[in-house]
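Q: Converting from the sequence shown to the numbering used here requires adding 72 to each position, the first position being numbered 1.
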Amino acid sequence: LSWALLLLTVALVLGGTAAARCPTPCICDNLHTHVICLNGNLTAVPSDVPQLTKKLDLRGNSFTVIPVGAFLDTPYLTHLDLEHCKVERLEEGAFRGLGRLVHLNLASNGIALLYQESLDGLSSLQHLILERNRIEEIQPGAFGHLGSLTVLDLRANALVYLPDMVFQGLQGLRWLRLSHNALHVLSSEAFAALPALRRLSLDHNELQALPGEALARLDGATRLDLGHNPITYVAEEALAMASLKHLSLDHAALQDVAPDAFTHSPQLRTLDLRKNQLRGLLPLAGAGELARVSLAGNPLLCSCLLRPFHNWLARARVQAEGSCAAPPALRGRPLDSLRPPEMRCGRPRPPPSPTTPSVPPRVAGSGRCPRGCACSPDFHHGSCENRGLQEIPRGFPKDTRLLDLRRNTFGTVPPGAFPGLKELVSLHLQSCSIRALLPGALRGLESLVYLYLTDNHLSTLAATAFKGALQLAYLDLDHNAFTHLPAGAFQLLPNLISLHLQHNAIEEMGEGDLAGPQGLRWLYLAGNAIRHIAPTALAPAKMLEKLHLEGNHLAEVPTVALWGLPALSELKLSRNPIKRVQDGAFRPVASSLQHLYLDNMGLEWISPGAFAGLGPKIRSLYLESNKMTNIPNMSNFTGLEILNLRDVPFHCDCQLLPLHRWIDKLNLRVGATCGSPEEARGLKVKLSTTFLTCPGWGRGEVGGASPDKAKKKRWGKSTARGFKKGRA
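(1) State the Cα-Cα distance for the pair E285 and V653, rounded to the nearest angstrom.
(2) Is it the case that the Cβ atoms of A606 and E580 are separated by a distance below 9 Å?
(3) Return the residue from the list Q462, H199, L319 and H318 that minimises the CA-CA distance to C504.
(4) Let me know the secondary structure DSSP gives F135 once reduced to three states.
(5) Select from A214, I650 and N370 the residue whose C-alpha is nearest the C-alpha of P406.
(6) So who's on the other strand from F722, going by DSSP bridges?
(7) Distance check for R204 and G687, CA to CA, integer angstroms please.
(8) Beta-carbon separation of H529 and E495 under 9 Å?
(9) As a quick exercise: from G352, L298 and F468, pick the residue whose alpha carbon is nearest that of C374.
(10) Classify P331 as helix, strand or coil using the three-state DSSP reduction.
(11) Using the Cα positions of H551 and T526, report the straight-line distance between them to the nearest angstrom.
(12) Quick one: Cα of L266 to Cα of M313, how far?
(13) Return the Cβ separation of I569 and A545 in integer angstroms, given the expectation that the two are a contact with Cβ distance under 8 Å.
(14) I'd like the list of long-range same chain contacts for K578, defined as Cβ closer than 8 Å, with 5 residues on each side in sequence excluded.
(15) Let me know the secondary structure DSSP gives V632 once reduced to three states.
(16) Return the first residue and the last residue of the alpha helix (DSSP H) that A388 is part of.
(17) Identify every residue that forms a DSSP beta bridge with Q391.
(18) For H104, count neighbouring C-beta atoms within 10 Å of its own C-beta (all shown protein chains included) and say buried if the count is 16 or more, exposed if not.
(19) Pull up the DSSP beta-bridge partners for K127, would you.
(20) Note down, in chain order, each residue of its chain lying with its Cβ closer than 6 Å to the Cβ of R364, except the 5 sequence neighbours on either side.
(21) Beta carbon of R466, beta carbon of P442: below 9 Å?
(22) Mapping the DSSP letters down to three states, classify H732 as helix, strand or coil.
(23) Starting from L61 and walking both ways along the beta strand (DSSP E), at which residues does that stretch end?
(24) Just confirm the distance between the C-beta atoms of L178 and L202, as a whole number of angstroms; I'd bet it's less than 8 Å.
(25) CB R206 to CB K644, shorter than 9 Å?
(26) In three-state DSSP terms, what is S409?
(27) Whose C-beta lies closer than 6 Å to the C-beta of P283 among residues of the same chain, with five residues either side of it excluded?
(28) Using DSSP bridges, identify the partner residues of K689.
(29) For D332 versus L356, is the C-beta distance shorter than 9 Å?
(30) Roughly how many angstroms lie between the CA atoms of T701 and L621, to the nearest whole one?
(31) On the CB-based measure, 16 or more other CB atoms within 10 Å of its CB, does E642 come out buried or exposed?
(32) Assign I99 to buried or exposed, taking buried as 16 or more other Cβ atoms, counted over all protein chains shown, within 10 Å of its Cβ.
(33) Beta-carbon separation of P338 and G358 under 9 Å?
(34) Whole beta strand (DSSP E) runs in the segment 238 to 318 with 3 or more residues, listed along the chain?
(35) Please work out which residues of its chain come closer than 7 Å, Cβ to Cβ, to P139, disregarding the five sequence neighbours upstream and downstream, and give them in chain order.
(36) Take V223 as the anchor and find which of H667, S180, S196 and V232 has the nearest alpha-carbon.
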């Protein structure tokens with residue numbers, strides 16, 4: 073009994089201590105050891121989280137960097153959620169000490185690069201969610217300490233290339249999600265060392281051919297998703313996956329599939345070929361276990377040419393979905409309803425299937441390495457980082473794919489600086505005191521995808537600076553000395569996807585500055601001195617999805633310049649001196665915009681029609697740290713997930729009641745507080761119903777008008793109707 077009383081006393085003391093230590097903006101559930109700090113405007117991980125906490129939810133804060141040892145005081149964490157926290161960098165050792173963590177959510181942040189030790193210390197981690205970041209490259213060994221991981225989610229990032237052994241260390245991984253990237257180059261050993269993998273999702277990428285050599289390493293995978301890639305042809309023996317049972321190649325650009333394409337995938341049971349350009353198929357040899365083929369949405373020609381395939385379906389007892397597109401007499405007929413005599417020929421046999429595109433032989437490495445540098449033949453990497461070099465070294469192995477020359481003092485990159493490196497994919501020249509990139513400097517780098525020139529002294533670029541690097545997709549020119557966009561320099565980069573020019577001294581964007589890269593998707597211009605954007609400055613970038621203009625000198629929303637950007641989904645205007653937002657400010661991008669940042673601007677007034685055209689597509693809206701006292705009608709924003717209204721001095725009277733009820737209906741945590749009247753100052757808008765009154769309020773009346781009429785007067789009739797029907 074005495075021991076029981078002692079244990080009870082200790083538990084009460086610990087519980088009381090935990091409760092006392094609960095961080096100010098958080099909610100602590102000591103019974104379930106769960107701490108929630110949603111949308112708390114935190115800029116650093118709170119240091120006073122109870123030590124015994126197991127689940128820590130920090131979604132919707134503003135951390136930017138997760139420093140070394142950020143969670144050393146909470147070693148018992150099993151679940152950590154950092155979604156929508158504006159994280160841009162994970163320092164090496166950021167999660168050290170979290171040996172019990174099993175679930176880590178880092179979705180919807182701004183992480184661009186995963187370093188070797190970024191995820192060190194997470195030996196028990198099972199689920200890692202990194203979707204919707206801007207990860208362009210993964211350093212070798214980044215996942216080397218995650219032997220317990222079962223699910224890795226890298227969807228909706230900016231990956232173009234996967235190097236050899238990039239997932240080394242993930243012995244327990246069962247599902248790798250790489251959908252919605254821009255992958256078009258996979259090294260032959262990219263998926264090596266993944267013995268437990270069962271599902272690989274590569275759909276919604278830029279693969280132009282089935283990456284058979286890389287996929288052959290996945291002996292145990294049973295499901296492969298390759299839909300929504302521009303693959304035109306599946307060649308002979310293209311896929312050798314011994315355990316594969318389910319293959320999706322839907323919504324691609326397939327025009328033909330070789331009869332023995334799946335001979336070395338004998339366990340294949342379902343084959344999804346929907347929504348392609350297939351006119352027909354031949355019998356699929358070696359696919360003895362196949363039970364279902366989906367061909368719906370293909371322009372099938374049900375002539376005598378399709379008879380062999382049709383007969384094979386019957387013999388092999390394979391169920392086929394799909395219908396005829398021609399001839400006219402059979403249009404719309406399901407395949408399984410056809411009889412062989414109906415499948416007649418009235419035109420000559422089409423030409424044979426195209427042959428497999430020839431692949432140039434791989435050039436073997438020479439084994440050489442410049443003095444003072446390190447070369448890894450296994451990873452095809454070379455590194456001379458921080459060696460005090462004044463000239464770019466030569467003599468790297470010809471099969472080098474990643475070359476790290478950071479933190480040297482080159483000054484100039486001369487013509488032909490990288491001879492013989494035709495297979496080079498990633499080139500790091502950050503912090504090298506480079507003042508000039510001379511014409512022809514990149515000559516011969518025909519495979520180059522990533523070029524990092526961050527933190528140098530570049531102020532101009534010649535029109536031929538990037539000549540020879542036609543495949544370049546990611547270009548980092550941030551933290552240099554540009555005072556204007558180097559017009560003409562991008563003309564020779566037709567495949568450019570991402571352009572980083574933040575933290576220069578650019579003062580304006582002129583017509584023709586972005587001519588050339590018509591496929592540009594992400595443009596980063598934060599931290600410049602831009603005052604003016606010409607009406608047609610952005611017009612060449614018709615596929616632009618992200619435009620970051622925060623921290624510039626814009627005095628108004630550049631509405632006219634936004635016309636002609638039908639795919640723009642994210643617009644950042646934070647920290648610009650924009651005091652007023654006029655009617656229709658975002659109408660040019662109303663059909664596509666999902667994320668809008670208008671925070672920290674000193675914004676004083678938003679016109680009632682400022683958000684005209686915007687609606688259910690809007691997912692996040694940031695308005696924190698401004699000076700307006702009210703906001704316009706947002707009743708159409710029914711898909712809103714994040715609304716940040718912190719540090720906005722709302723005037724809490726009856727005019728704000730519709731906003732209060734709308735926030736309540738959507739169950740959003742917005743952090744809005746009252747700035748006036750005096751008796752309501754500091755109170756949360758969601759809790760301040762006592763002060764949401766106006767002079768003349770009687771019982772059910774506002775200055776002689778009913779509450780419903782008062783709502784309509786401020787937010788319009790549609791809002792009032794929405795409240796009556798229980799909508800936001």
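We put the CB at the ideal spot given by N, CA and C, even for glycine. Model, not experiment: these values are computed from the prediction.
A: For this structure:
(1) One C-alpha to the other measures close to 54 Å.
(2) Taking 9 Å as the Cβ cut-off, A606 and E580 qualify as a contacting pair.
(3) Comparing C-alpha distances from C504 to each of Q462, H199, L319 and H318 shows the shortest one belongs to Q462.
(4) F135 falls in the coil class under three-state DSSP.
(5) Relative to the Cα of P406, the nearest Cα in the group A214, I650 and N370 belongs to N370.
(6) Partner(s): C746.
(7) Their backbone Cα atoms lie some 21 Å apart in a straight line.
(8) Not in contact: H529 and E495 (Cβ atoms no closer than 9 Å).
(9) Considering only alpha carbons, the answer is G352.
(10) Of the three classes helix, strand and coil, the one that applies to P331 here is coil, per DSSP.
(11) Going from the Cα of H551 to the Cα of T526 covers about 6 Å.
(12) For L266 and M313, the distance between alpha carbons rounds to 13 Å.
(13) Distance from I569 to A545 at the Cβ level is roughly 4 Å; contact confirmed, criterion being Cβ atoms closer than 8 Å.
(14) Reading off the sequence, residue 578 comes out as Ile, not Lys. Result list for I578: F554, T555, H556, L557, L597, N600, A601 and I602, in chain order.
(15) Secondary structure of V632 (DSSP, three-state): helix.
(16) Looking at the DSSP string, the run of the alpha helix (DSSP H) that includes A388 is R379 to A388.
(17) The bridge partners DSSP lists for Q391 are R364.
(18) Looking at its Cβ environment, which holds fewer than 16 other Cβ atoms inside 10 Å, H104 is exposed.
(19) K127 has H106 and H151 as its beta-bridge partners, per DSSP.
(20) If we look at R364 and ignore the five residues flanking it on each side, its Cβ neighbours are T342 and Q391.
(21) Yes; because the gap between Cβ atoms is below 9 Å, this pair is in contact.
(22) DSSP places H732 within a helical segment (H, G or I) once states are collapsed to three.
(23) In the structure displayed, the chain extends from 73 to 800; residue 61 sits before or after that span and is not available.
(24) About 5 Å separates the two Cβ atoms, so the contact holds.
(25) K644 is positioned such that its CB atom lies no closer than 9 Å to that of R206.
(26) Correct three-state label for S409: helix.
(27) For P283, where only same-chain residues beyond five positions count, the Cβ hits under 6 Å are L258.
(28) Paired residue(s): none; K689 is not in a bridge.
(29) Closer than 9 Å, so yes.
(30) Going from the Cα of T701 to the Cα of L621 covers about 25 Å.
(31) Per the 10 Å Cβ criterion, buried.
(32) Burial call: exposed.
(33) Result yes, Cβ atoms of P338 and G358 sit closer than 9 Å.
(34) Annotation note: the segment 238 to 318 contains the following uninterrupted beta strand (DSSP E) runs of length 3 or greater, listed N- to C-terminal: 247 to 249, 271 to 273 and 295 to 297.
(35) Here the set comprises E163 and A166.
(36) The shortest Cα separation from V223 among H667, S180, S196 and V232 belongs to S196.
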